[in-house]
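Only one structure is covered here, and it is reproduced in the block below.
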Amino acid sequence: MSENIAKVTSESKHLTSAHEIIRKHKITSRIIFVGGLPGCGKSMMSPILGALQGVEIQKYNYAIEHICSLYHLRRITEDATVAMIRMLTDLDLYNLSMTREINLRYKDLSSIFKNPNPWRYIKRIFMNGDAEALARIKRDNPILQTLTHNLLIHGVPIVRAVKENFCLVEGVRHPLYMVRQWRLYIERYGNDERDFTIGFDHHGHELPFFTKGWEDLYVTSSSMDKVIYSIEKSLAMAQSALDNMTPRERDGVVIVPFEQFVVDPWPYLEKITNLMGTKINKTTLKEMKRQNVPRSMIADGINRPIYRQYGWKRPKKGATERDELQERRDFVKAEATPDALKVLDRLCEEYEDKYMTGILQ
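Quick note: numbering that gives the first Met the number 0 has the sequence shown finishing at residue 360, numbered continuously throughout.
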């Protein structure tokens, strides 16, 4: 898989281009990228990070995600990818400084009304913009927070774009806790007009970008098997991207296991704040309480409609962490083939050995 990432980088450089695409100027001097596979816990972590001193509200940037997907498919050069990431992050911070392109939908998780400090964005509506907005950015040195799906898969061009004063927060989670959300979404890829994932044609099928290299297996698999193989391949691509970073680039990557963060978030917050030159304050602690972090049980999350929509349920009274995992495995076993179930069991064992020692009972 590492060879595939290197091949993408090499071949993308040889796409036909009359001029090298560049962006020399820089507005965003500090940036946190937050991402991970669907169901990893981004929507819990990002509001907490957005409550750190000087950090902006989370901003979903689908354009960056799509550009990186095209780079993965070798349909855009590395120089163009890097330049566009720089331009789009600068544009996000510039617009945020004037409350442009802000989500005002009250129920959305990305709404300013779900942010612990919404009034800063209300105030900015009445401030002068343009050159004065840029002056405020230079004076206050805010930290942009950008969210994408599949962050680490796209990590190589992202770290090469931002270069310094960055933190890539990659959420990871036990595969059995991600399966339900994936299962509810998997058949929407290429079939739902509200799916905005970059896709490509394979014998008449519109496949999501991450299936490149195993297209036939995806097409011939059942829905649950697609989920399992998609998680397996995505995790492998993320690890490959990490392996292809320089030691200096890897220093800016913080892997955050959901199960550890919700029980003991402090080591991860300390690393992120040190990288970004910020700190925890009263607003941060208030947001952590709202997210029920830290908590006594991993699955004891917040009861929200969007979470229920993607399969969240309250833990059963008296259930252990191992009981919760077994219930989810039974759900998968009812639909998965034996071969796919073996793959999932291997992924679970690897994850538990790496991130859950001492947590499971």
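Glycine included, each C-beta is placed from N, C-alpha and C at the ideal position.
- In the structure shown, L167 adopts extended strand secondary structure according to DSSP, grouped into three states.
- Remark: C-beta atoms of I254 and V171 approach each other more closely than 9 angstroms.
- Secondary structure note for H201: its beta strand (DSSP E) is the uninterrupted segment 198–201.
- By the C-beta density criterion, N140 is exposed, having fewer than 16 other C-beta atoms within 10 angstroms.
- Approximately 6 angstroms separates the beta-carbon atoms of L51 and I279; this is inside 8 angstroms, confirming the contact.
- Beta-bridge annotation (DSSP): F32 is paired with T145, L167.
- Within the DSSP bridge table, the entry for V255 names G170 as partners.
- Within the DSSP bridge table, the entry for Y59 names L146 as partners.
- For the pair E205 and D215, the Cα-to-Cα distance works out to about 12 angstroms.
- Under the 10 Å beta carbon count, G357 is surrounded by fewer than 16 other beta carbons and is classified as exposed.
- Nearest Cα to M43 within the set D194, D89, L146, F209: L146.
- In the structure shown, E192 falls within a coil segment according to DSSP collapsed to helix, strand and coil.
- The way I'd put it, the stretch 88–102 does touch the stretch 117–134; three or more beta-carbon pairs between them come closer than 8 angstroms.
- Per DSSP, the beta-bridge partners of V54 are I142.
- Around the beta carbon of Y105, fewer than 16 other beta carbons sit within 10 angstroms, so the residue counts as exposed.
- Straight-line spacing of the CA atoms in I30 and Q290 works out to 23 angstroms.
- Assigned with DSSP and collapsed to three states, P207 falls in strand.
- Collapsing the DSSP output to three states places M126 in coil.
- For V342, the three-state secondary structure derived from DSSP is helix.
- Within the same chain, and ignoring the five residues on either side of P264 in sequence, the residues whose Cβ sits closer than 8 angstroms to its Cβ are I47, M287, V292, P293.
- Put simply, the backbone Cα of E248 is about 6 angstroms away from that of V158.
- Here A160 carries a helix assignment [DSSP, helix/strand/coil].
- Taking the Cα positions, Y354 is about 27 angstroms away from G276.
- Annotated as proximal: V218 and H201, with beta-carbon spacing under 9 angstroms.
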